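Structure, as structure tokens:
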Amino acid sequence: MTGTAQLCAQEMELALGDDDTQVETVMMDGLDASVFATNNIFLVCTSTYGQGDVPDNARALYEDLKAKRPDLSRVRYGVFGLGDRTYAETFNFGGKRFDDILSELGATRVGERYKHDASSGVLPEETAVEWCREWASKLQAP
Ligand SMILES: Cc1cc2nc3c(=O)[nH]c(=O)nc-3n(C[C@H](O)[C@H](O)[C@H](O)COP(=O)(O)O)c2cc1C
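All letters in the sequence shown, in the order written, are residues 24 to 165 by the working numbering.
So this is what it looks like as structure tokens:
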């Protein structure tokens with residue numbers, strides 16, 4: 024909504040992409056559940072708004088997954104969530120919502136869901152780069 028998740032995604036794209044690994048940041052605006060029908064690995068980078076909701080530009084994708092309920096058993100994904108602990112009841116629920124629906128649909132999460140806290144003073148884009156390297160190393164694990 025204010026560009027933080029987008030910045031983190033772009034930094035992670037730069038950190039992970041190399042000659043062997045093609046990484047593309049795709050904004051969620053206009054996506055639907057069919058995006059997961061491709062043979063890719065997904066890193067969902069999302070903030071939290073409203074009453075613990077996904078951000079506005081992710082709503083159509085999230086609702087489409089819930090409505091169509093495709094079989095995602097071939098999908099592997101990670102979640103880098105952004106939020107603020109000041110919202111104690113709904114901290115990082117945007118990432119949680121995606122994690123819950125993807126796992127319900129049979130997808131396999133790689134690594135733990137990261138929960139950035141905007142009130143912590145930790146720079147999200149720096150943490151994102153560190154975290155995604157660790158995440159990517161788990162993708163290689165047998
Ligand atoms: C109006 C508003 C509502 C928010 N609601 C929540 C919330 O319910 N839970 C949470 O963890 N963070 C909440 N946040 C914090 C944002 O998710 C956090 O600041 C995030 O880093 C923003 O990322 P963005 O710039 O990509 O939108 C809220 C922020 C705003 C401005």
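Beta carbons are placed, not taken as given, at the ideal position from N, Cα and C, and that holds for glycine. Given the structure is predicted, the values throughout are model-derived calculations rather than measurements.
When the Cα atoms are used, what is the spatial distance from Arg92 to Gly40? 30 Å
Can you tell me whether Phe121 is helix, strand or coil according to DSSP? helix
Looking at the strands, I want to know which residues DSSP matches up with Cys68. Phe103
For Tyr137 versus Gly104, is the C-beta spacing smaller than 8 Å? yes
DSSP beta-bridge partners for Asp76? Tyr72
As assigned by DSSP and simplified to three states, the class of Tyr85: helix
Could you tell me which residues DSSP pairs with Arg132 in its beta bridges? Tyr100
Taking the continuous alpha helix (DSSP H) assigned at Met35, which residues delimit it? 27 to 39
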